[in-house]
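**Q** I have a structure I would like to understand better, so I am pasting it below and will then ask my questions one at a time.
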Amino acid sequence: MRKNMEEEIRAQLEANMAMIGSNATTWEERLKQAQDEDIGDDKHSDRKTEEHHFVNLNEDPMLSNVIYHFIKPGKSTVGRQDRDGKSRPDICLSGLSILCEHAILTLNDGAVELKPAENGAKIKINGQPVTGTQTLVNKDRVLFGSNHLYVYINPKRDDSPDDLPKDITYEFAQKEIAQAKGFATGSTAGLTKEQQIVQEQVLEILPMVSEVNAISEELEKYRSFEVVLLSAAARGNTTAGSRAEDVTRVMVKMKNLLNSNTWLWERGKFMNRRYIMQEMYQRWLDGENVSKTQQADDPFWEPTEDVLIGTTNMYLRFLCFPMDFDYQAPVKDYKGQDEGIINLYITPCTAAGKDIQDLDLIASESPDPEEAVEELRGKPFNFKIDILSAKVDKARFSKGLKVKYKIFHEKDETETKMIKGTLNPEFKHSKVVKIASVTQEWVDFFLSGHVTFELYGLQQESSNDAKLAKMSTKELRQLEQLQKTSQIQRRETTFSLNTGAADNDSKLKSEFVLLERKYERLVQKERRLQLLCEEWKSKSDAEKHFKPFHTAVHNLVAAGAATISDEHRRTSVVLTQIIAGQKALKDRQIGDSTTVLQANKQGNNGSAAKGSSPNASGSKACTLM
């Protein structure tokens, strides 16, 4: 037994010595490799000042400016090495959207020209797609495929624009790409902290969206992805001032290229799906047939759901007076483009939902909403929302349409019934909002809040278009991009202080219509006043009693005071005072006439009885007159 133990110990010692020797060899190899790399860096240092080259950009600053591709004189190729290794380009790249023959570089007379080697080769220079031959300028930012980002350096000639920074960073290049896609990513000086966060999220997520689009093309998933910014108003935030709710959200829209169904993903959901897509793509590279993946395990599959066509906001300041409001509200999508209209009618009503016909009876006497709404504080108040109809432009939404909305204090949304088979649905929807007592929250809501009406379209898992099914995912995405370019559409997805431009338009339109309603009511009052004057003018002298006339005018002017300006209010008061003064003067004249008649009668009687002089009586009568 002792002998066996000695042999085991000896074997263990020999194994340890072998491991130590192996580690020493490995260390020596690593040291030599590092020394060789230093020598290589020195060689690169010499070449960087003499030769045209590309240098890489990476999200991690430590990994930027570490890869150099030098451009040889004459013709060079950029692309991916094929699997059998027979064809190797001069500048070898790998990864998504890199073709075996991707780009051709030509260096002649100190200038480098770049052109796509094949149709569909993805190349961007300074954020703009390249379709033909283009001469490179020092510090040009070149994107090959989805994620190979480089800066072109011409050490012999600095012909770069003066406004470029001295050192080009990954962030600068990504902002440039984002701007080319319609996102304004200029200076952050005028942005709030929340807007800066949104900007950072967009710059972070854009390369990821490009990546999953490339995976979709490689795996023929017929899906397209794009970044979407949803404002608080577009999400149905009904109250202003909540910083957490007012922030614009970064989302990703997925579109089925075969039937145009769309889905909106939150940023977190997209990130999770992206990891699964990367895993699926790696399995595909390893030779697995991922086309047989079950729907539940497919990150590109999503069950159909109603799609948000667009939204419109209804501001409720008119309820401060209160007044009814009939509005043909424009529906806009997240880009700020018109998608249709919703016909709305909102009016004060009884608890049973009956319209209050004579709004003058409940109208406030103040033209200022903040003053007018105070008259409602602490009192019960009811108003009714009628969604009459809608009209949508795009034929693909004819499968079904409905409207959703929510008042600020409600937890659940109210929705109309789904109307199918038409682009002009008649909803005939009505809802009474009952307020037991108008609190400060309701006051704030009437003054600055709004109701967001969301128009949804029905989506179904319909059969795919046979013509489109014959095309590849890459071809369909290119076709989609051409259609967007032909429409010359400019997204309302900016980081400037005007991100709520469409919402401001809606607010201004509401204010304008409110002023129109006030003006219409003023015109009606004026017309009634004219008719009243004409009516009394046509009366006989015996019927012209000023007290009833004064009462009628006073009631009419007071009822209209809520809808007129201070200037008109003062005019109305003056008019009322004039009428009252005329009445007093008339009463006095009638009284004076009676006194004169009585005096004349007494004077005549006195003359007959006492023989008084008629001149004395006449002088007295003239004095009274």
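Just so you know, the sequence shown maps onto residues 1 to 625 in full-length UniProt numbering. From the three backbone atoms N, C-alpha and C, an ideal C-beta is built for every residue, glycine too.
#1: Among Leu285, Val198 and Ser448, which residue has its Cα nearest to the Cα of valine 247?
#2: Decide if the region 107 to 118 is in contact with the region 222 to 233; the criterion is three or more beta carbon pairs, one per stretch, under 8 Å apart.
#3: Measuring only the C-alpha atoms, how far is glycine 310 from arginine 267?
#4: My output table needs one value for valine 432: the three-state DSSP class, helix, strand or coil.
#5: State the Cα-Cα distance for the pair aspartate 140 and glutamine 201, rounded to the nearest angstrom.
#6: What does the alpha-carbon distance come out to for the pair valine 432 and threonine 347?
#7: Extract the residue ranges of the beta strand (DSSP E) inside the region 248 to 299, only unbroken runs of 3 or more that lie entirely within it.
#8: Under three-state DSSP, which class holds phenylalanine 408?
#9: Here's the rule: buried if 16 or more other CB atoms are within 10 angstroms of the residue's CB, otherwise exposed. What is glycine 340?
#10: Assuming histidine 52 contacts isoleucine 71 (C-beta within less than 8 Å), just tell me the rounded distance between them.
#11: Per the DSSP calculation, tyrosine 315 is bridged to which residue(s)?
#12: Using DSSP with H/G/I as helix, E/B as strand and the rest coil, what is serine 64?
#13: Where residue 629 and leucine 458 are concerned, what is the direct C-alpha to C-alpha distance, given to the nearest angstrom?
#14: In terms of DSSP beta bridges, what is threonine 414 paired with?
#15: Contact check, alanine 178 vs leucine 203 under 8 Å by CB: the rounded distance?
#16: Pick from Glu302, Ala352 and Val228: whose alpha carbon is nearest that of lysine 335?
#17: For tyrosine 222, does the three-state DSSP call read helix, strand or coil?
#18: Between which two residues does the beta strand (DSSP E) holding glutamine 174 run?
#19: Would you report the Cα separation of arginine 157 and glutamate 59, rounded to the nearest angstrom?
#20: Report back the beta-carbon spacing between alanine 296 and phenylalanine 453 to the nearest angstrom; my notes put them in contact at under 8 Å.
#21: Any idea which residues DSSP pairs glutamine 134 with across the strands?
#22: Using only alpha-carbon positions, find the residue among Ser45, Leu57 and Ala117 that is nearest to threonine 77.
#23: Report yes if the C-beta distance between valine 438 and lysine 384 is below 8 Å; otherwise report no.
#24: Leaving out five residues before and five after alanine 395 in sequence, what residues of the same chain have Cβ atoms less than 8 Å from its Cβ?
#25: For isoleucine 67, does the count of other Cβ atoms within 10 angstroms reach 16, so buried, or fall short, so exposed?
#26: Which word fits leucine 515, buried or exposed, when buried means at least 16 other C-beta atoms lie within 10 angstroms of its C-beta?
#27: Where does glutamate 51 sit, in a helix, a strand or coil, going by DSSP?
#28: Can you tell which of Asp159, His148 and Gln530 has the C-alpha that lies nearest to the C-alpha of alanine 121?
#29: Using the Cβ count rule (16 or more neighbours within 10 Å means buried), how would you classify cysteine 349?
#30: Under 8 Å, do methionine 208 and arginine 273 count as touching if we go by C-beta distance?
#31: Going along the chain, which residues of its own chain have a beta-carbon closer than 6 Å to the beta-carbon of valine 130, five neighbours each way excluded?
#32: For phenylalanine 172, which residues in the same chain have their Cβ closer than 6 Å to its Cβ, ignoring the five residues on either side in sequence?
#33: Can you tell me the Cα-Cα spacing of aspartate 333 and serine 231, whole angstroms?
#34: How would you call serine 146, buried or exposed, if buried means at least 16 neighbouring beta carbons within 10 angstroms?
#35: Please report how far the alpha carbon of lysine 399 lies from the alpha carbon of aspartate 412, in whole angstroms.
#36: How is the beta strand (DSSP E) around alanine 542 delimited, first residue to last?
**A** In this structure, then:
#1: Val198
#2: no
#3: 20 Å
#4: strand
#5: 25 Å
#6: 10 Å
#7: 249 to 256 and 262 to 266
#8: coil
#9: buried
#10: 4 Å
#11: His450
#12: coil
#13: In this structure the chain extends from 1 to 625, so residue 629 is not present and cannot be described.
#14: Tyr405
#15: 6 Å
#16: Val228
#17: coil
#18: First-last for glutamine 174: 170 to 180, but that is the alpha helix (DSSP H), not the beta strand (DSSP E).
#19: 28 Å
#20: Alanine 296 to phenylalanine 453, Cβ: 35 Å. No contact.
#21: Leu114
#22: Ala117
#23: no
#24: Leu423
#25: exposed
#26: exposed
#27: coil
#28: His148
#29: buried
#30: no
#31: Ile123
#32: none
#33: 11 Å
#34: buried
#35: 25 Å
#36: Segment: none, alanine 542 is in no beta strand (DSSP E) and carries neither H nor E.
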